[in-house]
Amino acid sequence: MPTAHNTAQPGEIAETILLPGDPLRAQFIAEQFLTDAKQFNAVRNMFGYTGVYKGKEISVMGTGMGCPSIGIYTHELIHVYGVKNLLRIGSCGSMQEYVKMGDIVMAMGASTDSNYAHQYQLPGTFCATASFGLLHNAQKAAEEKGFSYVVGNVLSSDIFYTETPEWEQWAKMGVLAAEMESFALYCNASRAGVNALGIFTVSDSMVTGEEMSSEERQIGFTNMMEVALEAALA
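Each residue of the sequence shown is one higher than the last, beginning at 150 in this note's numbering.
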């Protein structure tokens, strides 16, 4: 049944979904990669589509920015619509010199400065990790396509414009890059027993100060989308 944030009817969303933050990126994926794509949601302009990629039904939907936003959408996708495989795709900022502009970052784990996991009342610190099957599929796809990638820990931060250079402390712990959503996604997926993976394109570097041009974003993000779609097939 529809929710306050999603007007899809039962059966209109596939068990596997790609989750860009930007709803217009969801529209782009539907138009460029999926056949017979049909829109299932436009509430708050958070566009969602279901179509077919290489014979498999796949959905794509925007989630907005940050743990609270993706937390809402993925909770509903999992518990109301029965989604089993959730692949977050987006941009990230490199924290390591060897993580270059345009590289694809696969988030094996997600650290955070968010308090999202307090709801579970755990007696310790939860380690939010990706589903190995999806990660393995994504790595294989990147290898086959010859795309540059790294696998490791990311930081899901609540802060975009920070007053202090806290990223340097995370970098000392080997964290590859910063983004804003994977921790909440992994928590929701782990709690529900479903699969999740975050895949990102490095669009800027905290180490060098570099930033991608709009043309570089188009090419780099398309590579990431292809990896996510191929990972979703297996």
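Just so it is clear, CB atoms sit at the ideal spot from N, CA and C, and this is done for glycine as well.
Legend entry - Range of the contiguous alpha helix (DSSP H) that encloses SER331: 331 to 341
Legend entry - alpha helix (DSSP H) segment containing LEU167, residue limits: Run containing LEU167: none in the alpha helix (DSSP H); it sits in the beta strand (DSSP E), 165 to 169.
Legend entry - Residue from THR223, GLY204, ILE238 and GLY211 with nearest C-alpha to THR371: ILE238
Legend entry - Segment limits, beta strand (DSSP E) that includes ILE227: Run containing ILE227: none in the beta strand (DSSP E); it sits in the alpha helix (DSSP H), 216 to 228.
Legend entry - VAL376, DSSP secondary structure in three states: helix
Inset, instruction - Use the C-beta contact count for LEU284: other C-beta atoms within 10 angstroms, 16 or more gives buried, fewer gives exposed. - result: buried
Inset, instruction - Could you pull out every residue in the same chain whose Cβ sits closer than 8 Å to the Cβ of GLU225, ignoring the five residues on either side in sequence? - result: THR152, HIS154 and ASN155
Legend entry - C-beta atoms of GLU379 and ASN286 nearer than 9 Å: yes
Legend entry - At least 3 beta-carbon pairs within less than 8 Å: the stretch 240 to 251 vs the stretch 202 to 212: no
Legend entry - Test item: CB-CB of GLY200 and ALA191 under 9 Å: no
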